[in-house]
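Contents: one structure, followed by commentary.
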Amino acid sequence: MTEEIILGIVQGITEWLPVSSSGMLLLIENNFFANSSRSLVDNLQLITFLHLGTFFSALIYFRRDVWNVIKTLFSYKKQSQTDQALFHFLLLTTIVTGIVGYGIKELIEFAEGAVVFTGPIINAILGLLLIGTAIASLKKRESDNPREIRSLNGKDSVFLGILQGLSAFPGISRSGTTVFGILFRRFEKESALRVSFIMGLPVTLGANIVWGTFSLVFTAANLVAFFFSFIFGLLTIHVLLRFAERVNVGYFLLLFGILLVLASFLPL
Numbered sequence: 016m017t018e019e020i021i022l023g024i025v026q027g028i029t030e031w032l033p034v035s036s037s038g039m040l041l042l043i044e045n046n047f048f049a050n051s052s053r054s055l056v057d058n059l060q061l062i063t064f065l066h067l068g069t070f071f072s073a074l075i076y077f078r079r080d081v082w083n084v085i086k087t088l089f090s091y092k093k094q095s096q097t098d099q100a101l102f103h104f105l106l107l108t109t110i111v112t113g114i115v116g117y118g119i120k121e122l123i124e125f126a127e128g129a130v131v132f133t134g135p136i137i138n139a140i141l142g143l144l145l146i147g148t149a150i151a152s153l154k155k156r157e158s159d160n161p162r163e164i165r166s167l168n169g170k171d172s173v174f175l176g177i178l179q180g181l182s183a184f185p186g187i188s189r190s191g192t193t194v195f196g197i198l199f200r201r202f203e204k205e206s207a208l209r210v211s212f213i214m215g216l217p218v219t220l221g222a223n224i225v226w227g228t229f230s231l232v233f234t235a236a237n238l239v240a241f242f243f244s245f246i247f248g249l250l251t252i253h254v255l256l257r258f259a260e261r262v263n264v265g266y267f268l269l270l271f272g273i274l275l276v277l278a279s280f281l282p283l
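Taken in order, the sequence shown gives residues 16 to 283; the numbers are from this note's numbering.
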């Protein structure tokens, strides 16, 4: 069970950081559990449970936001401007992400890996852009009028849907690219994290349905992996949101930029 516990902790933490959680899992697996006797099917099942753990951690943590979005489906006019904006945003972003992600998947299969802009390269570029923005931000005061969730619009949805779709490239950090995009659109840093975490929910759910990974085998090892992924996912989301509330936006950008650059060195 030691392997499942460690991998669950790693998934729970790295899923919400600007690094590739899959890359981190592969790194841990290759260096510490290379002699594992699990079959390929067992590995796929374990990875599914790890990602479902972090999916449910975000679903539980942002349950009020999710519930308000669901209510918007049935009583649109009664919901707040924030809930309406988030509903429109999630709907359009998910559609755009699906189109872009599917296109990239087909491109990779057609090119047989000969794609110039691989995940690590994109991670490094976005990381350097964030570092540059952080340095500029530290030399001046924080923005006087950062945007809030209620100001989400169609341009934000398309732009961020494209960025989230880029995570179809192996090694790309979904959290890193979306947080970068939301900050680039001049949203406050707390909103950037919240929106990034929430917008990943329908994509994760849809991907699991499309790939048929809900034919799960409930072994003790898989449930342990799910539990630790879920618990540490909750803790990491909470810590990151509290961190964003307290730290200067320049240092926040700098940290995420450095992590994205470091993520470019992880295995695919």
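Beta carbons: idealized from backbone N, C-alpha and C, even for Gly.
**Request:** Report the option in 60, 181 and 102 whose CA atom is closest to the CA atom of residue 112.
**Result:** Its Cα nearest to that of residue 112, the residue 181 stands out among 60, 181 and 102.
**Prompt:** How big is the Cα-Cα spacing for residue 249 and residue 69?
**Reply:** Separation of residue 249 and residue 69 (C-alpha to C-alpha, rounded to the nearest whole angstrom) is 8 Å.
**Prompt:** Once you ignore the five residues that flank residue 245 on each side, which residues in its own chain have a CB closer than 6 Å to its CB?
**Reply:** Its chain contains 68, 71 and 72 as the residues whose beta carbon lies nearer than 6 Å to that of residue 245, once the 5 sequence neighbours on both sides are disregarded; these appear in chain order.
**Message:** To the nearest angstrom, how far is the alpha carbon of residue 84 from that of residue 103?
**Reply:** The straight-line gap from Cα to Cα measures roughly 9 Å.
**Request:** In the DSSP assignment, find the unbroken alpha helix (DSSP H) run with residue 86 in it and report its ends.
**Result:** Taken as a continuous stretch (DSSP letters only), the alpha helix (DSSP H) holding residue 86 covers 78 to 89.
**Request:** Could you check what DSSP says for residue 202 in three-state terms: helix, strand or coil?
**Result:** Here residue 202 sits in strand by DSSP.
**Prompt:** CB-CB under 7 Å to residue 212, same chain, minus the five flanking residues each way: which ones, in chain order?
**Reply:** So the qualifying residues of the chain are 31, 73, 77 and 252.
**Item:** Unbroken alpha helix (DSSP H) run spanning residue 26, endpoints
**Value:** Judged by DSSP secondary structure, residue 26 falls within the alpha helix (DSSP H) whose first and last residues are 17 to 29.
**Span of the alpha helix (DSSP H) around residue 162** = Neither: residue 162 is in no alpha helix (DSSP H) and is coded neither H nor E.
**Proximity test, residue 173 beta-carbon vs the ligand NAD heavy atom, cut-off 8 Å** = Only the bare structure without any ligand can be found here, which leaves the ligand NAD out of the picture.
**Prompt:** Taking just the CA atoms, how far does residue 167 sit from residue 205?
**Reply:** The C-alpha of residue 167 is placed about 14 Å away from the C-alpha of residue 205.
**Terminal residues of the alpha helix (DSSP H) in which residue 259 lies** = Counting along the chain, the alpha helix (DSSP H) containing residue 259 begins and ends at 235 to 261.
**Request:** Could you check the C-alpha separation between residue 48 and residue 241 for me, to the nearest Å?
**Result:** Between the alpha carbons of residue 48 and residue 241 lies a gap of roughly 18 Å.
**Asked** Within this structure, are the beta carbons of residue 20 and residue 239 separated by less than 9 Å?
**Response** The Cβ atoms of residue 20 and residue 239 sit closer than 9 Å to each other.
**Request:** Compare the beta carbon distance of residue 44 and residue 65 with 9 Å and say whether it is the shorter of the two.
**Result:** Taking C-beta atoms as the reference points, residue 44 and residue 65 fail to come closer than 9 Å.
**Prompt:** Rounded C-beta distance between residue 191 and residue 271? I'm assuming under 8 Å.
**Reply:** That pair is a contact at about 7 Å.
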